[in-house]
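Residue numbers (my numbering): 353 to 722.
For every residue, glycine included, the Cβ atom is placed at its ideal position computed from N, Cα and C.
Here the structure is a predicted model, which means the values were calculated and not measured.
Step one of this worksheet: look at the structure below.
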Ligand SMILES: Nc1ncnc2c1ncn2[C@@H]1O[C@H](COP(=O)(O)OP(=O)(O)OP(=O)(O)O)[C@@H](O)[C@H]1O
Ligand SMILES: [Mg+2]
């Protein structure tokens, strides 16, 4: 079985420790501090919070995932569902019903497993009052048994028609939940940053910022090496250098590449840098359709700019060198082009310039020699 996991939350033996960050986060949780967790995509924000809450905290986890939340009704439903599943994990049937009576839980039987399942009978129309009601319920539940609220993809509230109002509504209650640690995480770094640093947002300075960066290189190499060795593969240190270089040390991408190296090798093999080519081709085979459907959305200029970013790097896309290498006549429309590529989430802005969201897309462009 392939021991490398990606595209999902990792915990337990699949989680490479982040000792200092976990300790700091556990301390914040213990003291009821609100925290906002920042970091690049697939760097490990959700896994860090999940692992810390499950293994280093006595509090129960109320996990509300707001990815692609669409409306106030949807927000209500997701909060209610999170409350229900937390109670289901820790309580008895009667207790769940009495605690959640206001939410009108509906009990049914799963026809396959025979297990009870619950759903929430959503109110006909969600009003600010019904959201406030759930926040009050969270406080009551915390008094019975301490909990921590983990709100993931928090920036997606910005999708709601009345985002500012919704932030204000949430904040008006959360600010009185002084005993409850709220952990906010999100994958769109700039949007998250803005929510917590813009004085016009109700969440301005309402949580301590915590940065999640690359995993410690030695710890992560040992963690990966151990998995390769357990499967009879020997790996050179040069190959590790190459893996980290190709992926900018983003944990999810490192694991994806290691997973492909695993698939393209067998027990007893010794792997060096020459193994990377086959592994990348395996990734392209899985992902090329996605890359191609991105490419058809681009104008000729946007393609030139993208290929230029892949070849030259994204540190200075306005420089004469970049323009020349990319075959672009003038810098006049570069800003617009970069904005379009960012809007499509193909690239993002990093402190050191523009980067590909998916490093394998970048390598595919070079490989195809587009
Ligand atoms: N501590 C870790 N040890 C090993 N692998 C990790 C660790 N953290 C993250 N990963 C890898 O990164 C992938 C993404 O992790 P996770 O979903 O936690 O990141 P995220 O930052 O929340 O991502 P997103 O930006 O998509 O929300 C995991 O599937 C796993 O492959
Ligand atoms: Mg996440």
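Residue 697 has its CB no nearer than 6 Å to any heavy atom of ligand 2. Cα atoms of residue 482 and residue 621: separation of roughly 60 Å, rounded to the nearest angstrom. Cβ-Cβ distances below 6 Å link residue 427 to 421 in the same chain, with the five nearest sequence neighbours on each side left out; the list follows chain order.
Contact between residue 423 and residue 362 does not hold, since the beta-carbon distance rounds to 31 Å and is not under 8 Å.
Going by DSSP, residue 701 is part of the beta strand (DSSP E) stretching over 699-702.
Secondary structure note for residue 523: its alpha helix (DSSP H) is the uninterrupted segment 515-526. The way I'd put it, the stretch 627-644 doesn't touch the stretch 665-684; fewer than three beta-carbon pairs between them come closer than 8 Å. A distance below 7 Å between beta-carbons, with the five flanking residues on each side excluded, links residue 706 to the following residues of its chain, in chain order: 661, 666, 669, 690, 699. Taking the Cβ atoms as the reference, residue 418 lies roughly 11 Å from residue 502, outside the contact range of under 8 Å.
Taking C-alpha positions only, residue 415 is separated from residue 402 by approximately 9 Å. In the displayed model, residue 537 falls within a strand according to three-state DSSP. Collapsing the DSSP output to three states places residue 706 in a strand. Using a 10 angstroms sphere on the CB of residue 659, the tally of other CB atoms reaches 16 or more, which defines it as buried. DSSP places residue 711 in the uninterrupted alpha helix (DSSP H) bounded by 711-720.
Excluding the 5 residues flanking it on each side, residue 594 has same chain C-beta neighbours closer than 8 Å at 625, 628, in chain order. Among the bridge pairs identified by DSSP, residue 469 is matched with 460. Taking one beta carbon from each stretch, the stretch 376-396 and the stretch 522-539 have 3 or more pairs nearer than 8 Å; the two touch. DSSP, read as helix, strand or coil, puts residue 602 in coil.
Between the alpha carbons of residue 484 and residue 526 lies a distance of about 10 Å.
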